[in-house]
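Residue numbers (UniProt numbering): 1 to 206. For every residue, glycine included, the Cβ atom is placed at its ideal position computed from N, Cα and C. Just so it is clear, the structure is predicted and the values come from calculations on it, not from any experiment.
What follows is the structure, given as structure tokens:
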């Protein structure tokens, strides 16, 4: 990073400075997202004189990209990770017209709502429902739970069963003269995928 210096025009000193990152370099911000999930990374610079900056982004794989301006001293880049090795330290480098430059470091971390259930198999015999589902990718948090929610008579859903780390359920006492409507989904510390849950319905048809 370049230090500021003074130039003299008409006997009046003018300070010129390279840009500096708005956050401390030893405390890089963390941006969480998942594989195949886009995210906007933002970069804010201070103190540049001249203040018109050119921004370059360097991703963990070493490839460079040009971002989009928020204003003359801030920039953002939309990133779509496709593999686990696409995560890591991202560098945002800004340079003014005098060639003075500064950097912001950002940590892009894998972490997001798990992918929805991939598939399910179930059997319903003698009032017992046996369910075996394949959970989607955990997106960075392997400490997930699998839930079965059941639709109530008023149309709302409530928790019927849950398991940690797998989606194999045995649910007894489901009377065949009644309709039983379930949603299977997963949840971790980032949230759940209930809105994309797997539908299982047994018993009396509606």
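What ranges does the beta strand (DSSP E) occupy inside the UniProt domain "Ig-like" (19-107), keeping only unbroken runs of at least 3 residues that lie completely in it?
30-33, 39-46, 53-58, 68-71, 74-79 and 88-96
- Message: Closer than 8 Å is the cut-off here; do at least three beta carbon pairs connect the segment 134-148 with the segment 110-125?
- Response: Three or more Cβ pairs drawn from the segment 134-148 and the segment 110-125 lie within less than 8 Å of each other, which places the two stretches in contact.
Quick one: is residue 5 buried, meaning 16 or more other Cβ sit within 10 Å of its Cβ, or exposed? Locating residue 5 in the chain shown gives position 5, counting from the first residue. A caution first: residue 5 carries a pLDDT of 42, below 50, which makes its placement in the model unreliable, though a value can still be read off. Classification for residue 5: exposed.
Check your understanding: Along the chain, where does the beta strand (DSSP E) that runs through residue 152 open and close?
Key -> Residue numbering aside, residue 152 sits at position 152 when the chain shown is read from its first letter. Taken as a continuous stretch (DSSP letters only), residue 152 belongs to no beta strand (DSSP E), as it is neither H nor E.
Discussion item. By alpha-carbon positions, which one of 178, 160, 69 and 106 ends up nearest to residue 26?
Written reply: Working through the chain shown from its first residue, we reach residue 26 at position 26. When each option's Cα is compared against that of residue 26, the closest is 106.
**Message:** On the DSSP letters alone, give me the boundaries of the beta strand (DSSP E) that residue 201 sits inside.
**Reply:** To locate residue 201, count along the chain shown from 1; it is residue 201. Looking at the DSSP string, the run of the beta strand (DSSP E) that includes residue 201 is 198-203.
Element boundaries [beta strand (DSSP E), containing residue 130]: Position 130 of the chain shown, counted from the start, is the residue given in the question as residue 130. Here the beta strand (DSSP E) through residue 130 covers 128-134.
Sequence-distant residues of the same chain with beta carbon closer than 6 Å to residue 64, five excluded per side | Counted from its first residue, the chain shown places residue 64 at position 64. Correct list, in chain order: 56 and 58.
Identify the residues that DSSP records as bridge partners of residue 179: which are they?
Along the chain shown, one-based indexing puts residue 179 at 179. Bridge partners of residue 179: 203.
Q: Put residue 190 into one of helix, strand or coil per three-state DSSP.
A: For the purposes of this step, residue 190 is identified with residue 190 of the chain shown, where counting begins at 1. Residue 190 falls in the coil class under three-state DSSP.
Practice task
Look up residue 195 in the DSSP assignment and say whether it is helix, strand or coil.
Solution key: Walking along the chain shown from the start, residue 195 turns up at place 195. Of the three classes helix, strand and coil, the one that applies to residue 195 here is helix, per DSSP.
Any heavy atom of the ligand NAP inside 8 Å of the beta-carbon of residue 66? Ligands in the displayed structure: none, and consequently the ligand NAP is not present.
Q.
Can you check which of these residues, 43, 84 and 94, is closest to residue 51 by C-alpha distance?
A. Against the chain shown, residue 51 aligns to sequence position 51. Of the candidates 43, 84 and 94, the one whose C-alpha sits nearest the C-alpha of residue 51 is 94.
- Item | Helix, strand or coil at residue 159 according to DSSP, with G and I counted as helix | Locating residue 159 in the chain shown gives position 159, where the first residue counts as 1. Looking at residue 159 - three-state DSSP - the assignment turns out to be strand.
- Item | For residue 17, three-class secondary structure by DSSP | Here residue 17 refers to the residue found at position 17 of the chain shown. In the structure shown, residue 17 sits in a strand (DSSP, three-state: E or B).
### Task
Return yes when the Cβ of residue 38 is within less than 9 Å of the Cβ of residue 80, no when it is not.
To locate residue 80, count along the chain shown from 1; it is residue 80. To locate residue 38, count along the chain shown from 1; it is residue 38. A contact, by the Cβ cut-off of 9 Å.
(request) For residue 74, I'd like the list of residues in its chain whose CB is within less than 8 Å of its CB, leaving aside the five on either flank, ordered along the chain. (result) As a position in the chain shown, residue 74 is number 74, starting the count at 1. Answer for residue 74: 42, 43, 44 and 45, listed in chain order.
Backbone secondary structure at residue 145 - three-state DSSP: Residue mapping note: residue 145 aligns to position 145 of the chain shown, counting from 1. DSSP places residue 145 in strand when its eight states are reduced to three.
Notebook entry, point to check: Does DSSP classify residue 121 as helix, strand or coil?
Noted result: Position 121 of the chain shown, counted from the start, is the residue given in the question as residue 121. Reduced to three states, the DSSP call for residue 121 is strand.
Which residue from 126, 155, 203 and 102 puts its Cα closest to that of residue 53?
Translated into positions along the chain shown, residue 53 becomes position 53. Measuring from the Cα of residue 53, the nearest candidate turns out to be 102.
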